[in-house]
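Worksheet: one structure, shown below.
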Amino acid sequence: MRIDEKIIAVGNTKGGVGKTTTAVHLADWLQKVKGFEVVFINASFQTGVHDWLDELEISYYQEKDPDELYALAESIDADYVVIDLPGASEIVKEVLDYCDFMLTPVQPSALDLKDGIKMINIVHRKRKLRKNLHAAFFLSLVDLRSNATGDAQAYFNKHKVNLLDTKIRRLKLIRDSPLVLSTAFRQTDAASKLVAHEYESLFKEFFAHA
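Be aware that the sequence shown starts at 1027, since it is given in the working numbering, and climbs by one per residue.
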């Protein structure tokens, strides 16, 4: 990872895959655990995440316009800028023109994988033009008792996608994070420690591939 690489986007053209929860946990991990200065950009129309970020004391902006989003991200003086992208494919394409990292959560269901080919193709095309773009997919909201995980891994191998080994499980604690205005990194119970370990493993693996 170069010192000038700072813009991290979390996105998928499909909704409901854990983008915002991942983005907030990433921002909190970078700031709270690693000690970096982080600014969060909410690029969606939803404002509910703002209360969450306020409680975590993470600085943030909301910017939905693609052109303004680029100018804002480039102007921010911080160690990292984390952008939570909406499901709109055009904005995802725009941000892939300048972000340094793209982390994409995907649910391992047949329907999600079928829809995921759109995001896979977008990333493949952008990486042909931008060799220094660090992009990776990971399985989110996973039920380890299901065979879907193995099917998903085979699907990504077939399409030659960089699928991270770390998986984030479908756990109530993760779903409730926006409601309790916290992250797993801020809580001390056993379940939170498990989730924190999974997220930290994910983020370490992601940056190790960069």
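Ideal placement from N, C-alpha and C gives every residue a C-beta, glycine not left out.
None of the values given here were measured: they were computed from a predicted structure.
Check	Outcome
Using the Cα positions of Val-1221 and Leu-1155, report the straight-line distance between them to the nearest angstrom.	36 Å
Going by DSSP in three states, Arg-1028 sits in which element: helix, strand or coil?	Note on Arg-1028: pLDDT 45, under 50, position unreliable in the model; the coordinate value appears next. If DSSP states are grouped into helix, strand and coil, Arg-1028 belongs with coil.
Along the beta strand (DSSP E) that carries Val-1065, what are the first and last residues, could you check?	1064–1068
Three Cβ pairs or more, each shorter than 8 Å: is that satisfied between the stretch 1104–1113 and the stretch 1046–1060?	yes
Taking the runs of the beta strand (DSSP E) that are 3 residues or longer, which of them lie wholly in the stretch 1111–1194?	1127–1132 and 1160–1165
Whole angstroms are fine: how far does the CA of Gln-1133 sit from the CA of Lys-1140?	11 Å
Report all residues from its chain with a CB closer than 6 Å to the CB of Asp-1177; omit the five preceding and five following residues, and keep chain order.	none
Can you tell me where the alpha helix (DSSP H) with Ile-1200 in it begins and where it stops?	1198–1206
What does the alpha-carbon distance come out to for the pair Leu-1159 and Ile-1084?	25 Å
Cutting at 8 Å between CB atoms, please list the residues of its own chain near Ile-1029, excluding the five before and the five after it.	Interpretation of Ile-1029 is limited by its pLDDT of 48, a score under 50 that renders its predicted location unreliable; the figure taken from the coordinates is listed afterwards. Around Ile-1029: no qualifying Cβ.
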